[in-house]
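S.K.: This is the structure, below, for whatever I ask next.
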Amino acid sequence: AATSNQMFRRIDDFLSMHDIETPVRLLHSTAWLVDKFSPARDPELDADGELARQWFEPQRRGLLSPWAVGTVDQAMMAALKIKYQFLRLLGLSSKVLIIDEAHAYDVYMTTILERLLSWCSVLQIPVIILSATLPADKRRSLMQAYAGHITAPGLVSSGKDYPQLTHVDLSGNITERTICTVHGQNVVDVDIWPGALGDWERVADRAVLMAGKGGCICVIVNTVKEAQQLYKIVSERADETIWVRLFHSRYCVGDRLEIERVCLKAFGKTSLLAEQRGGNSSRPAKAILIATQVVEQSLDLDFDAMITALAPIDLILQRMGRMHRHEGRKRPPDYAKPVLTVLSPHDGGDLGPSAYVYEPWLLRKTLEILRHYEHISTANDIRPLIEKVYSEIPAPNHQNYDDWAEMINKIEDDKNKARVYLLPQPNKDQFTLSMIQEKFADPEASSEWFRARTRQGDDNCQVILLDPADFSHIGDKAYMISLDQAKKIMLSMVNIPAYWLANTSPAEGFTAMVEGTGRLSGRNLLEIREGRWEGQDSSKRGVNLIYDKIFGARLERK
Numbered sequence: 025a026a027t028s029n030q031m032f033r034r035i036d037d038f039l040s041m042h043d044i045e046t047p048v049r050l051l052h053s054t055a056w057l058v059d060k061f062s063p064a065r066d067p068e069l070d071a072d073g074e075l076a077r078q079w080f081e082p083q084r085r086g087l088l089s090p091w092a093v094g095t096v097d098q099a100m101m102a103a104l105k106i107k108y109q110f111l112r113l114l115g116l117s118s119k120v121l122i123i124d125e126a127h128a129y130d131v132y133m134t135t136i137l138e139r140l141l142s143w144c145s146v147l148q149i150p151v152i153i154l155s156a157t158l159p160a161d162k163r164r165s166l167m168q169a170y171a172g173h174i175t176a177p178g179l180v181s182s183g184k185d186y187p188q189l190t191h192v193d194l195s196g197n198i199t200e201r202t203i204c205t206v207h208g209q210n211v212v213d214v215d216i217w218p219g220a221l222g223d224w225e226r227v228a229d230r231a232v233l234m235a236g237k238g239g240c241i242c243v244i245v246n247t248v249k250e251a252q253q254l255y256k257i258v259s260e261r262a263d264e265t266i267w268v269r270l271f272h273s274r275y276c277v278g279d280r281l282e283i284e285r286v287c288l289k290a291f292g293k294t295s296l297l298a299e300q301r302g303g304n305s306s307r308p309a310k311a312i313l314i315a316t317q318v319v320e321q322s323l324d325l326d327f328d329a330m331i332t333a334l335a336p337i338d339l340i341l342q343r344m345g346r347m348h349r350h351e352g353r354k355r356p357p358d359y360a361k362p363v364l365t366v367l368s369p370h371d372g373g374d375l376g377p378s379a380y381v382y383e384p385w386l387l388r389k390t391l392e393i394l395r396h397y398e399h400i401s402t403a404n405d406i407r408p409l410i411e412k413v414y415s416e417i418p419a420p421n422h423q424n425y426d427d428w429a430e431m432i433n434k435i436e437d438d439k440n441k442a443r444v445y446l447l448p449q450p451n452k453d454q455f456t457l458s459m460i461q462e463k464f465a466d467p468e469a470s471s472e473w474f475r476a477r478t479r480q481g482d483d484n485c486q487v488i489l490l491d492p493a494d495f496s497h498i499g500d501k502a503y504m505i506s507l508d509q510a511k512k513i514m515l516s517m518v519n520i521p522a523y524w525l526a527n528t529s530p531a532e533g534f535t536a537m538v539e540g541t542g543r544l545s546g547r548n549l550l551e552i553r554e555g556r557w558e559g560q561d562s563s564k565r566g567v568n569l570i571y572d573k574i575f576g577a578r579l580e581r582k
């Protein structure tokens, strides 16, 4: 949603510059907080009025607008057997569909995307899919889904040419062109650091040492808990001359927006413009930003050097793209060239929490390939690196064969789970939508189909943290609050794993979590006292939810 909000503003500004007055619609579960054209719930509507309002929900009707920007699930739901699905498909039928960051979609979502492409083809909807790190076999499958067949699959190159434009028409004819980039090509120095993954004491020392030389350093880890642990150590060891911040996905909306603003001011193009105009730059002379995957895609940030936890190769390359991103910036002498440090386990060692976020096979294969690279050229190495990691089928006696087999089984399982909800394949000679007998409930806000999932399948839960006064005032009276009040309250909403508070009961002096109603429907309300909620799980073990503006949300078990 954060990325969509930024793109929404950019598109709106772009259309205004060209005197196009047609409003842009923002499409995601909390769009009504940003988009004045998105209707929010009216608490005074009767049943018939509520049913009529549902037709005008931005998630359903929004794609009928001439211009729309939103999260990818809003388009993907056009390919699912859900209520009001045809409104979404109708809205897409008059547009060019642009899908960004396609490499970030897992197998489950890619299966749905492929069915959507099949329907786009029949309806002759042009589709543009953007990704800097999409493997050749995945590009083939997406083109196959759109065209129905590919006349020459071998033309889908896995060579060095980068960046590249691949085009397929409705007849399956493929054209590939290498395109010129407006940005300079970087050569990144790569340093593999064995045994450092999970050793946050040593990582903190290196980050402080690197920043102490002058420069802005980004440290990316794979879980929020690891980021919080590392930040605590770094903030204790860095002196007052080093700017240190933490950035992840478990902040309340208002706090996250402020962190984004601060990061953009420090590492975005604004500071570069100030430098070029001879003014005082807002970029710190020495800085360490400790972050999770939130910086991979959503923000246009530029760092002098980076330390990253081991991740699949495509994500390593995405992270790498956050170094030396803005041309014309003055770099510290030690970072005249971008330097990427990759935290890895010892040979065959424990992958730690990263193994629950990413497939162990991809992590170990990425590490195996990266060990052969002291430097990575964005012009020559990106495509070969991706293909080397994603194309190999190991022999049964390979030491990591079991990891590969487990990944393949999971891929098939995810495909089968997605197929349950898919529309049938389109038929040019018959309107198959009319024959669908089973339809699933329309997911109102963030659907279980599209929530960020780990290997454990953990869903997120949206919780609004309220102090005792607000909780007693709102409580079960949420249906009475105004739109402005709802917007203010939603700034206190945070996403946490659903299992954190599942099957818990409040401790003495605390209240149970309740479901929101009216404009707060689909969220949970939780009363916190002095930044914490205390309770216990079904085994009487203590469970505390702690929140502050520095660390964000944390879970403490006793």
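Note that our numbering has the sequence shown beginning at 25, numbered continuously upward.
Cβ atoms here follow ideal geometry from the backbone N, Cα and C, with glycine treated the same way.
(1) Rounded C-beta distance between residue 269 and residue 313? I'm assuming under 8 angstroms.
(2) Taking buried to mean at least 16 other C-beta atoms within 10 Å of its own C-beta, is residue 448 buried or exposed?
(3) Measuring only between beta-carbons, confirm whether residue 306 sits less than 8 angstroms from chain B.
(4) So, under 8 angstroms CB-CB, residue 257 and residue 225 are touching, yes? Tell me the CB distance rounded to an integer number of Å.
(5) Could you tell me the alpha carbon to alpha carbon distance between residue 575 and residue 538, rounded to whole angstroms?
(6) On the three-state DSSP scale, how would you describe residue 525?
(7) Run through DSSP, which three-state label would residue 379 get?
(8) Would you call the segment 148-164 and the segment 403-412 touching, i.e. three or more CB-CB distances under 8 angstroms?
(9) Measure the alpha-carbon distance for residue 285 versus residue 307 and round it to whole angstroms.
(10) Within 10 Å of its beta-carbon, does residue 481 have 16 or more other beta-carbons around it, so buried, or fewer, so exposed?
(11) Suppose the cutoff is 8 angstroms on Cβ atoms and the five residues either side in sequence are ignored; what does the same chain contact list for residue 253 look like?
(12) Taking residue 283 as the reference, give the member of 262, 121 and 323 with the closest Cα.
(13) Whose C-beta lies closer than 8 angstroms to the C-beta of residue 439 among residues of the same chain, with five residues either side of it excluded?
(14) Assign residue 162 to one of two classes, buried (16 or more other C-beta atoms within 10 Å of its C-beta) or exposed (fewer than that).
(15) Do residue 42 and residue 94 have their CB atoms nearer than 8 angstroms?
(16) Looking only at its own chain, which residues have a Cβ that is under 7 angstroms from the Cβ of residue 245, when we skip the five neighbours before and after it?
(17) Less than 8 angstroms between the C-beta atoms of residue 559 and residue 530, yes or no?
(18) Taking residue 145 as part of the alpha helix (DSSP H), name the residues at either end of that continuous run.
(19) Measuring only the C-alpha atoms, how far is residue 389 from residue 415?
(20) When DSSP labels each residue in this structure, what does residue 278 get in the three-state scheme?
(21) Can you confirm whether the segment 424-439 touches the segment 349-368 when touching is taken to mean that 3 or more C-beta pairs between the two stretches lie within less than 8 angstroms?
(22) Three-state secondary structure (DSSP) at residue 231?
(23) Go ahead and pull the three-state DSSP assignment for residue 530.
(24) To the nearest angstrom, report how far apart residue 366 and residue 153 are at their CA atoms.
(25) Consult DSSP for residue 173 and reduce its assignment to one of helix, strand or coil.
(26) Under 7 angstroms Cβ to Cβ from residue 350, same chain only, skipping five residues before and after it: list those, please.
(27) Tell me residue 32's beta-bridge partners as DSSP assigns them.
(28) By DSSP, does residue 329 sit in helix, in strand, or in coil?
(29) Should residue 38 be labelled buried (16 or more other beta-carbon atoms within 10 Å of its own) or exposed?
(30) Give me the DSSP bridge partner(s) of residue 577.
(31) Just mark residue 82 as buried or exposed, buried being the case when its beta carbon has 16 or more other beta carbons within 10 Å.
(32) Assuming residue 331 and residue 243 form a contact by the criterion Cβ under 8 angstroms, report the distance between their Cβ atoms to the nearest whole angstrom.
(33) On a CA-only basis, which of 311, 273 and 221 is nearest residue 259? Give me that one, please.
(34) Measure how close the beta-carbons of residue 489 and residue 516 come, nearest whole angstrom, since I'm counting them as under 8 angstroms.
(35) Below 8 angstroms, can you find three or more Cβ-Cβ pairs linking the segment 369-377 to the segment 183-198?
M.R.: Result, derived from the coordinates:
(1) 5 angstroms
(2) exposed
(3) No chain B is part of this structure, which consists of one protein chain only.
(4) 6 angstroms
(5) 25 angstroms
(6) coil
(7) helix
(8) yes
(9) 13 angstroms
(10) Annotation note: pLDDT 47 at residue 481 (below 50); position unreliable, coordinate value reported separately. Classification of residue 481: exposed, given that the 10 Å Cβ count is below 16.
(11) 224
(12) 323
(13) 131, 132 and 135
(14) buried
(15) no
(16) 251, 254, 316 and 333
(17) yes
(18) 131-146
(19) 11 angstroms
(20) helix
(21) no
(22) helix
(23) strand
(24) 29 angstroms
(25) coil
(26) 293, 296 and 326
(27) Answer is none; residue 32 lacks a bridge partner.
(28) strand
(29) exposed
(30) 571
(31) Confidence in residue 82 is poor, its pLDDT being 49 and thus under 50, which makes the residue's placement too unreliable to answer from.
(32) 5 angstroms
(33) 311
(34) 5 angstroms
(35) no
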